[in-house]
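Sequence positions in the sequence shown follow the numbering used here and run 3 to 218. A virtual CB, placed ideally from N, CA and C, is assigned to each residue, including glycine. What follows is a single structure, written as structure tokens, with notes after it.
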Amino acid sequence: MLGGLAALLLSVLMAQSASAQDRRIPQAQDEIRLSFAPIVRQAAPAVTNIFAKRVVRGEMRSPLLNDPFLRRFFDDGFFGRRLPRERMQNTLGSGVLVRSDGVIVTNNHVIENMTEIRVVLSDRREFDAEVILTDPQTDLAVLKIDPSDEVLPVLPFADSDSVEVGDLVLAIGNPFGVGQTVTSGIVSATSRTQAGVSDYQFFIQTDAAINPGNSG
């Protein structure tokens, strides 16, 4: 939940281009025939896909204890020590380039405790990323990739004080790892307080579709 809200905050701040004075009700049918394509073309190159993974080590009990009959008479110790086991844990999310030298903002829960982080740009180029800063309380993290001397596209921050309930929202992300996807909605509420984050009240709520992989 927190990841979606944090992702929304970035989406709203960076996608909104109209000022409060410019907002008005369409007066003619031609004014209603609009497309978000120009905004998507401008914003999408700065949105990244993030894939992270780590090896999780644990123990597995003897397969013999899967038998309910044997479990009635024997405990784990009877069949010896538990068997060591390793498994790969994978996470996916999205990020936003905020600096042309490869600085990316994403959600902390996407990369927390991960040992390998891979960033895929909109043109499908891949980079290894390092963690620069994390803030678990707001569920935000800052990553850095090395594009050499290339100047990457970025999305600038806007003024969150100008966001109003009812404003249009575009969410660009990597839901379920299928690749860059755009969904739309409106700002449903502002100044939300997320449970467990009582010191902060700047979360923005939206009804735009946000699924696993959109976080960031």
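> Would a C-beta distance cut-off of 8 Å place S190 and L172 closer than the cut-off?
Replying inline: Taking the sequence shown and counting its residues from 1, the one referred to as residue 190 is at position 188. Taking the sequence shown and counting its residues from 1, the one referred to as residue 172 is at position 170. Going by C-beta atoms, S190 is not nearer than 8 Å to L172.
> With a CB to CB cut of under 7 Å and the five nearest residues on each side skipped, what residues in its chain are close to G104?
Replying inline: Against the sequence shown, residue 104 aligns to sequence position 102. Excluding positions up to five away in sequence, the list reads K146, I147, D148, P149, L154.
> Residues in its own chain within less than 6 Å of P177 by CB, not counting five upstream and five downstream?
Replying inline: For the purposes of this step, residue 177 is identified with residue 175 of the sequence shown, where counting begins at 1. Only T183, N213, G215, N216 meet the Cβ criterion.
>> Quick check: the stretch 132-141 against the stretch 90-103, are at least 3 beta-carbon pairs closer than 8 Å?
In response: no
> What's the call for S13, buried or exposed, on a 16-neighbour Cβ count within 10 Å?
Replying inline: On the sequence shown, residue 13 is found 11 positions in, with the first residue counted as 1. With a pLDDT of 49 at S13, under the threshold of 50, the modelled position of this residue cannot be trusted; read the value that follows with caution. Flag for S13 reads buried.
> Going by other Cβ atoms of all chains shown within 10 Å of its Cβ, with 16 needed for buried, is Q23 buried or exposed?
Replying inline: Start at 1 with the first residue of the sequence shown, and residue 23 comes out as number 21. Residue confidence for Q23 is low, a pLDDT of 49 falling below 50, so the modelled location carries little weight; the figure read from the coordinates is stated next. Its Cβ having fewer than 16 others within 10 Å, Q23 is exposed.
>> Helix, strand or coil for D209? Go by DSSP, reduced to three states.
In response: The residue you call residue 209 lines up with position 207 of the sequence shown. Residue state, collapsed to three classes: coil.
> What is the rounded straight-line gap between the Cα of L7 and the Cα of I206?
Replying inline: Counted from its first residue, the sequence shown places residue 7 at position 5. Counted from its first residue, the sequence shown places residue 206 at position 204. Summary for L7: the model assigns pLDDT 38, below 50, so the residue's position carries little reliability; its value from the coordinates is reported in the next sentence. Rounded to the nearest angstrom, the two C-alpha atoms are 6 Å apart.
> Grouping DSSP H, G and I as helix and E and B as strand, with all else coil, what is G218?
Replying inline: Translated into the one-based positions of the sequence shown, residue 218 becomes position 216. If DSSP states are grouped into helix, strand and coil, G218 belongs with coil.
>> Using CA atoms only, rank isn't needed, just tell me which of P138, F204, T140 is closest to S164.
In response: Within the sequence shown, the letter at position 162 stands for residue 164. Taking only the C-alpha atoms, the option nearest S164 is F204.
> Is the beta carbon of T192 less than 8 Å from the beta carbon of V167?
Replying inline: As a working mapping, residue 192 is identified with position 190 in the sequence shown. As a working mapping, residue 167 is identified with position 165 in the sequence shown. Yes, these two residues count as a Cβ contact at 8 Å.
> Fully enclosed by the stretch 75-138, which beta strand (DSSP E) runs are 3 residues long or longer?
Replying inline: 85-101, 105-109, 118-122, 128-130, 132-137
> Shorter than 8 Å from the beta carbon of S124 to some beta carbon of chain C?
Replying inline: The chain inventory of the structure shown lacks chain C, comprising one protein chain alone.
> How should G218 be labelled, buried or exposed, when 16 other C-beta atoms within 10 angstroms of its C-beta is the threshold for buried?
Replying inline: To locate residue 218, count along the sequence shown from 1; it is residue 216. Classification of G218: buried, given that the 10 Å Cβ count is 16 or more.
> Out of curiosity, what's the CA-to-CA distance linking R43 and L36?
Replying inline: Locating residue 43 in the sequence shown gives position 41, counting from the first residue. Locating residue 36 in the sequence shown gives position 34, counting from the first residue. Their backbone Cα atoms lie some 15 Å apart in a straight line.
>> Considering Cα atoms alone, identify which of A39, R101, E118 is closest to V58.
In response: By 1-based counting over the sequence shown, the position of residue 58 is 56. The shortest C-alpha separation from V58 is found at E118.
> Should D124 and G175 be called a contact, given that it needs their Cβ atoms to be closer than 8 Å?
Replying inline: Counting from one through the sequence shown, the residue named residue 124 turns up at place 122. Counting from one through the sequence shown, the residue named residue 175 turns up at place 173. At residue 124 the sequence reads Ser, which differs from the Asp that was named. Taking 8 Å as the Cβ cut-off, S124 and G175 do not qualify as a contacting pair.
> In terms of residues, what are the limits of the beta strand (DSSP E) holding I174?
Replying inline: By one-based count along the sequence shown, residue 174 stands at place 172. Looking at the DSSP string, the run of the beta strand (DSSP E) that includes I174 is 170-175.
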